[in-house]
Structure formats: structure tokens, C-alpha cells
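In the UniProt record's numbering, the protein residues as written are 1 to 264. Report on one structure; see the data block that follows.
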């Protein structure tokens, strides 16, 4: 009975994590470039009371054993990097979307760290640098001339501007995307930013539209890949499993109470 208490408790802890992850996904349903998370579980160790294959007589064996599981645990919370829907905004600004799963924008953090994101909502600062909403610069750094009257971002990431008196656009630079062997191994910093880890592997740089990298769409943003129907289903499932775990604890407690009554 004590075993069932701890087993049910481990299940409740696991389901609480599932609900936490699902709630975070729902909270970010409108976050541009957000990638949903998924909790992964595994069973705990087993208490073996009888091994399968042990002899029952000189010629027969047990076809199966008796193994009592001791609960569940969370093994990982992984990011799912499937592509979100693209939403058209305006080509007058610097909104960009990576149309496909292969590629991340590079962002220069204030401490010099390079972070990675799928959020392509960019603008320019007072110095003409292309920055995100926090003012962190897009890499490689490019400066938009103060007198630029139009900005164009090609599908390969080439950025060109039109200036007064010119009949042709002037190229100011090209966006370089990166990819990872294991994107799920990236560490989330918040603010839609990720950094590399030993698990993700080193960044692999490339040009949009070449060598397997996805193309860039100017005037679009990538929406969150959260599907509300799926998340609500997971939320209900987690809630019911949590309630069932609570019921198992209550039942085990009642059984302990009955055993205690036997002494009287």
C-alpha cells in the first residue's frame, strides 16, 4: 500500500509537468516564431517478485513473471521544430519568415553571445542596424542607409535598398542562416532565443535556398506552431490522469486505514 502511494505520487508529479508544458504552449499560441514543447515520459524501475522463465517443475517454466512498476518520470521536454503557418504583413518593413524547417536567424546578444531564432520580426535602430524587438542585432551586421526609400529582401537573404536619384537597388549585405544537427538540443533563453549546446552540435552556416536551407520570405512572419485543439486535448488528458493519481492515493490511504483498524 505504501508502494502504491509513492507510485501514484510520481504519476501526479509527471502529469503536473505535462500540464505545465501544455499551459506554456497555450500561452504562446500567438507568439511569432514560437516552437511548442512536448514532455516525454518513461516508467521507473520495477520490483520483480517472480522472474519469467523460472521453473515450475522439472519440465515447465513460468511463461511470464511478476514485475510491479514503481511509477513514471519526466525524461525530457523537447522543442518541436515543425514549421508554423506564414502570415503576410508588409514588404515596406523588415518582417521575414523562413519558409521551411531548415534554418535559424542569428542574433547578437549584448554580452557577445550568438543566439538563434525563428522570429523574423525585425526593424532598424537609430543607426540603421537591423535589430529585433529587444534591439539585438541581426547577424551578419548590415546598415540600412538613412536615405533609403525602399528595402527588398530576396529569397536568398540578399538585402537591397533603393535610394533617391538611383535607378537600381544597392545591395547592402546578405543574411546567413544556420542549422543544427539536433535542433531539439538547443537551450531556450526566453524571448524566442535559443543558444547552442553540446547536444545541439555546432551551428552549420549557409545561404537561404542552398544546400538544404529554406528560403526567406520578405513581408511575412512565421506564426507559432501550437495547435490549440491538440493542446486542449493534452490538457484534458493530463488533468484526468492527475485526478486518477489523486484517486489512487486516496484509495491507498483508505486501505491503510482499514489495516490500522485491524489492530483494534
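Even for Gly, the Cβ is constructed at its ideal location relative to N, Cα and C. Keep in mind it's a predicted model, so treat the numbers as computed, not measured.
Exposed or buried, what is residue 132 when buried is set at 16 or more other beta-carbons lying within 10 Å of its beta-carbon?
Counting Cβ neighbours within 10 Å, residue 132 comes out buried, since at least 16 surround it.
Alpha carbon to alpha carbon, how far is residue 76 from residue 41?
Spanning the two alpha carbons is a distance of roughly 7 Å.
For residue 236, count neighbouring Cβ atoms within 10 angstroms of its own Cβ and tell me buried if that reaches 16, exposed if not.
Flag for residue 236 reads exposed.
Note down, in chain order, each residue of its chain lying with its Cβ closer than 7 Å to the Cβ of residue 249, except the 5 sequence neighbours on either side.
Hits under 7 Å: 5, 8 and 9.
Taking C-alpha atoms, which residue in 222, 257, 238 and 229 lies nearest to residue 32?
Considering only alpha carbons, the answer is 222.
Residues bridged to residue 78 by DSSP?
Per DSSP, 38.
Are there 16 or more other CB atoms within 10 angstroms of the CB of residue 262, so buried, or fewer, so exposed?
It is exposed - the Cβ of residue 262 has fewer than 16 other Cβ atoms within 10 Å.
Would you say the segment 137 to 145 touches the segment 116 to 128, given that touching needs at least three Cβ pairs under 8 Å?
As far as the Cβ criterion goes, the segment 137 to 145 touches the segment 116 to 128, which means the pair count is three or higher.
In the DSSP assignment, find the unbroken beta strand (DSSP E) run with residue 206 in it and report its ends.
Unbroken beta strand (DSSP E) run through residue 206: 204 to 206.
Just to confirm, are residue 116 and residue 107 a CB contact at a threshold of 8 Å?
Yes, these two residues count as a Cβ contact at 8 Å.
What's the gap between the Cα of residue 179 and the Cα of residue 61?
So the two alpha carbons sit approximately 54 Å from each other.
For the beta strand (DSSP E) containing residue 12, name the first residue and the last one.
No beta strand (DSSP E) contains residue 12, which is instead part of the alpha helix (DSSP H) from 2 to 27.
How many angstroms separate the CA atom of residue 209 from the CA atom of residue 163?
Looking at the two C-alpha atoms, the distance is approximately 27 Å.
Do you know whose CA, among 143, 110 and 201, lies nearest residue 126's CA?
Closest by alpha carbon: 143.
Can you have a look at residue 254 and say buried or exposed, based on whether 16 or more other CB atoms are within 10 angstroms of its CB?
It counts as exposed.
Suppose you measure from the CA of residue 84 to the CA of residue 189; what does that come to, to the nearest Å?
The straight-line gap from Cα to Cα measures roughly 20 Å.
For residue 96, count neighbouring Cβ atoms within 10 angstroms of its own Cβ and tell me buried if that reaches 16, exposed if not.
With 16 or more Cβ atoms within 10 Å of its Cβ, residue 96 is classed as buried.
So for residue 253, helix, strand or coil by DSSP?
DSSP places residue 253 in helix when its eight states are reduced to three.
What is the rounded straight-line gap between the Cα of residue 259 and the Cα of residue 227?
Distance between the alpha carbons of residue 259 and residue 227 is about 48 Å.
Determine the closest residue to residue 23 out of 229, 204, 247 and 109, with distance taken between C-alpha atoms.
Taking only the C-alpha atoms, the option nearest residue 23 is 229.
Have a look at 234, 231, 196 and 49 and flag the residue whose alpha-carbon is nearest the alpha-carbon of residue 104.
Per the Cα distances, 196.
Among 172, 111, 101 and 215, whose alpha-carbon lies nearest the alpha-carbon of residue 155?
The shortest Cα separation from residue 155 among 172, 111, 101 and 215 belongs to 215.
In terms of DSSP beta bridges, what is residue 190 paired with?
Residue 190 is bridged to 193.
Given residue 17, which residues of its chain have a CB within under 6 Å of its CB, disregarding the five upstream and five downstream residues?
Closer than 6 Å at Cβ, skipping near neighbours: 39 and 74.
With a threshold of 16 other CB atoms inside 10 Å of the CB of residue 151, please say whether the residue is buried or exposed.
It is buried - the Cβ of residue 151 has at least 16 other Cβ atoms within 10 Å.
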